[in-house]
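What follows is a set of notes on a single structure, which appears directly below.
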Amino acid sequence: KQEVTQIPAALSVPEGENLVLNCSFTDSAIYNLQWFRQDPGKGLTSLLLIQSSQREQTSGRLNASLDKSSGRSTLYIAASQPGDSATYLCAVRVPGASQGGSEKLVFGKGTKLTVNP
Amino acid sequence: NAGVTQTPKFQVLKTGQSMTLQCAQDMNHEYMSWYRQDPGMGLRLIHYSVGAGITDQGEVPNGYNVSRSTTEDFPLRLLSAAPSQTSVYFCASSRFGQMSYEQYFGPGTRLTVT
Chain A
1 KQEVTQIPAA
11 LSVPEGENLV
21 LNCSFTDSAI
31 YNLQWFRQDP
41 GKGLTSLLLI
51 QSSQREQTSG
61 RLNASLDKSS
71 GRSTLYIAAS
81 QPGDSATYLC
91 AVRVPGASQG
101 GSEKLVFGKG
111 TKLTVNP
Chain B
1 NAGVTQTPKF
11 QVLKTGQSMT
21 LQCAQDMNHE
31 YMSWYRQDPG
41 MGLRLIHYSV
51 GAGITDQGEV
61 PNGYNVSRST
71 TEDFPLRLLS
81 AAPSQTSVYF
91 CASSRFGQMS
101 YEQYFGPGTR
111 LTVT
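Taken in order, these protein sequences are the chains called A and B.
Start counting the first sequence at 1; every next residue gets the next number (my numbering).
Start counting the second sequence at 1; every next residue gets the next number (my numbering).
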């Protein structure tokens, strides 16, 4: 059974610092890995999608890497800002459990990031 | 293009009542799904659909029903609400097929069952 773990559960940094969020998964049979941002009381906003054949994706100050063989992904945030404060979730898209079963997302529990001015 | 929309945003039910959470998408996505999010549990898949007329169970389907009569809509029905169904519910959609596609989430419905 695929399990996704995010460490640390919470992180507090001063504004301007570069930081790394970690995500690990137990089964390398994934279609892709997606990083989301969730603000309190809000829905999930997709940040980056990395296909299983890719090693990294970049969007602005965000860079996500994927090492499928070791079951790890990192989300790098450069020059953090107070507006980056949110919970960051990673999720892997995996095949269905049975023949004909559909693929689904398996989520980690998230890292709550606080960027202090 | 509104993306994924959900109604209502908030709902309070009494134990035993039934209700339907609505979800719609305007991106012509084949794949739609429902998740619930609970503190300490993360997001868990309830039901999903790969097209009109096709639905299947996820990890935590008990107490919920779904149907998919159109590509756009995927309602989630609570048959007899229980306090254990107090949660935030998210609907998601994506393309589906051999390629792997990005999932888009709605804003969520916060449900309280008393």
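Backbone N, C-alpha and C define an ideal beta-carbon position, used for all residues, glycine too.
Which chain A residues sit within Cβ distance under 7 Å of LEU43 (chain B)? Here residue 43 (chain B) refers to the residue found at position 43 when the second sequence is read from its first residue. The contacting residues are PHE107.
Name the one or two DSSP bridge partners that GLY51 (chain B) has. The sequence position of residue 51 (chain B) within the second sequence is 51, counting from 1. Note: GLY51 (chain B) sits in a beta bridge opposite B:ILE54.
Give me the DSSP bridge partner(s) of VAL113 (chain B). As a first step, residue 113 (chain B) is located in the second sequence; it is residue number 113 there, counting from the start. Bridge partners of VAL113 (chain B): B:LEU13.
Quick check: what's the CA-CA separation for LEU45 (chain B) versus LEU66 (chain A)? Residue numbering aside, residue 45 (chain B) sits at position 45 when the second sequence is read from its first letter. Residue numbering aside, residue 66 (chain A) sits at position 66 when the first sequence is read from its first letter. Cα-Cα distance, rounded: 24 Å.
Measuring only the C-alpha atoms, how far is ILE30 (chain A) from ALA9 (chain A)? As a working note, residue 30 (chain A) is residue 30 in the first sequence. As a working note, residue 9 (chain A) is residue 9 in the first sequence. Straight-line Cα distance between these residues: approximately 23 Å.
Within its chain, find whatever has a CB closer than 8 Å to the CB of THR114 (chain A); leave out the 5 residues flanking it on each side and keep chain order. In the first sequence, counting from the first residue as 1, residue 114 (chain A) sits at position 114. The residues ALA10, LEU11, SER12, VAL13 and SER85, in chain order, have a CB closer than 8 Å to that of THR114 (chain A) in the same chain once the five nearest residues on each side in sequence are set aside.
By the DSSP assignment, the beta strand (DSSP E) with LYS112 (chain A) in it spans what residues? Residue mapping note: residue 112 (chain A) aligns to position 112 of the first sequence, counting from 1. First-last of the beta strand (DSSP E) with LYS112 (chain A): 111 to 116.
Closest Cβ-Cβ distance between ALA91 (chain A) and chain B: below 9 Å? Taking the first sequence and counting its residues from 1, the one referred to as residue 91 (chain A) is at position 91. Any Cβ of chain B closer than 9 Å to the Cβ of ALA91 (chain A) would place that residue at the interface, and such an atom is present.
Residues sharing a beta bridge with GLY3 (chain B), DSSP: Residue numbering aside, residue 3 (chain B) sits at position 3 when the second sequence is read from its first letter. DSSP output for GLY3 (chain B) lists no bridge partner at all.
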